[in-house]
Amino acid sequence: MINNTFDDRSPAMISPQDAISQDALILAAQFRINTFIVTFSSNLIKALYEKGTIEILHDELQVGSAAGKNHIYRIRNTDIGVILCGIGAPLSTRILEEVRTLFNCHNFIVFGSCGALTDVSEGRVIIPAEAYRDEGTSYHYAPASDFITVKNADKLAELMEQLGVSYVKGKTWTTDAFYRETVNNRNKRVEQGCICVEMECSRLQAMCDFRGVELYQFVYAADSLDSSWSRRILGNLEMDSRLKYFYLAWEIAKRID
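Residue numbers for the sequence shown follow the working numbering, beginning at 54 and rising by one.
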């Protein structure tokens, strides 16, 4: 059973150190990056690169899978890294694991879209405080439980207030199955206090807790599952708005780095 898979008493058969080449570790050692901004939008990465906001660290430094490799970037003239991450549990966790190993970094600022389960206006910033673990990866990093606490939620809320950013804080539903967010399950999650649904928070928090690194995650409301499904801005967010959320992540990075 999935709730019996957490094992902190025996070593992993394959570690991130095993999967990363010695040459890549030597290259990464040239850079002192302690904080990474994580996005799921390839269009955002493209826009930032074309604007000259971010630069490629080194052509030989890439993370990803057989489905494709992504460069590792940093914000120009800073020591803040930027990575494009795959959507969902296994790939997003693997990429953060490998980046952590390459750079020995300690902070991940993760942002992306979510579905609103309650009456949350489109584009509104949401800070997850707890995440319902409706996925498989986190059970390999943390003992079984329905929810996992997002431990830096209060600190992130303080930073949002310092920056004058309006937000709502609450529970999120982390799922593996985009097309199986059923009516009954949606209603159960709302009864438990969840205000949004996304695909990364619980497993990334579990991984960060297990590895002793810090996660700062916020999401913005895109589609709505409040009563019936409405696409709203899901997949249609203008680049200016995507950049707005990136610059917010950058301001957060400057304050915690």
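The beta carbon of each residue, even a glycine, is placed where N, CA and C say it ideally should be. These numbers come from a predicted model, not from an experiment.
When you compare the CB positions of residue i and residue j, do they come within less than 8 angstroms of one another, or not?
i	j	result
A169	S277	yes
I179	I248	yes
E252	D229	A small correction: the amino acid at residue 252 is Met; Glu does not occupy that position in the sequence shown. It is a contact, given that the beta carbons lie within the stated cut-off.
D310	I133	yes
L114	A81	yes
L268	F161	yes
Only counting the same chain, and skipping five residues up and downstream in sequence, which positions put a Cβ closer than 6 angstroms to that of residue i?
i	result
T131	none
P196	F59
E175	A274, R285, I286
Between residue i and residue j, which are expected to be in contact by the criterion C-beta below 8 angstroms, what is the C-beta distance as a whole number of angstroms?
i	j	result
P69	E188	No, P69 and E188 are not in contact; Cβ-Cβ is about 20 angstroms, not under 8 angstroms.
V272	F164	7 angstroms
F299	L97	6 angstroms
Figure out for me which residue from the options has the closest Cα to the Cα of residue i.
i	options	result
L290	N123, A275, R177, M66	A275
E234	C167, V91, Q83	C167
A120	I148, D71, N238	I148
L209	I305, A184, G246	I305
Y220	V173, A100, T88, F263	V173
S94	S145, K307, V236	S145
V218	K297, D71, N123, K307	K297
T88	R295, Q270, G288	Q270
D112	I73, A65, A77, K99	A77
Q258	R177, S74, P181	P181
Is any heavy atom of the ligand ADP found at a distance shorter than 7 angstroms from the C-beta of residue i?
i	result
R295	With respect to the ligand ADP, the structure offers nothing, as it holds no ligand at all.
If I measure Cβ to Cβ from residue i and keep anything under 8 angstroms in the same chain, skipping five residues before and after, which residues do I get?
i	result
I55	G189, Y192, A197
R127	F84, I86, I107, E108, L110, I133, G134, V135
*Are the stretch 126-141 and the stretch 277-287 touching by the rule of at least three beta carbon pairs closer than 8 angstroms?*
They do not touch, by the three-pair rule.
*For the stretch 146-157 and the stretch 208-226, state whether three or more C-beta atom pairs, one from each stretch, are separated by less than 8 angstroms.*
At 8 angstroms Cβ cutoff, the stretches do not touch.
*Is the stretch 236-244 in contact with the stretch 196-208, if contact means three or more CB pairs nearer than 8 angstroms?*
No: the two stretches stay apart, fewer than three of their Cβ pairs being nearer than 8 angstroms.
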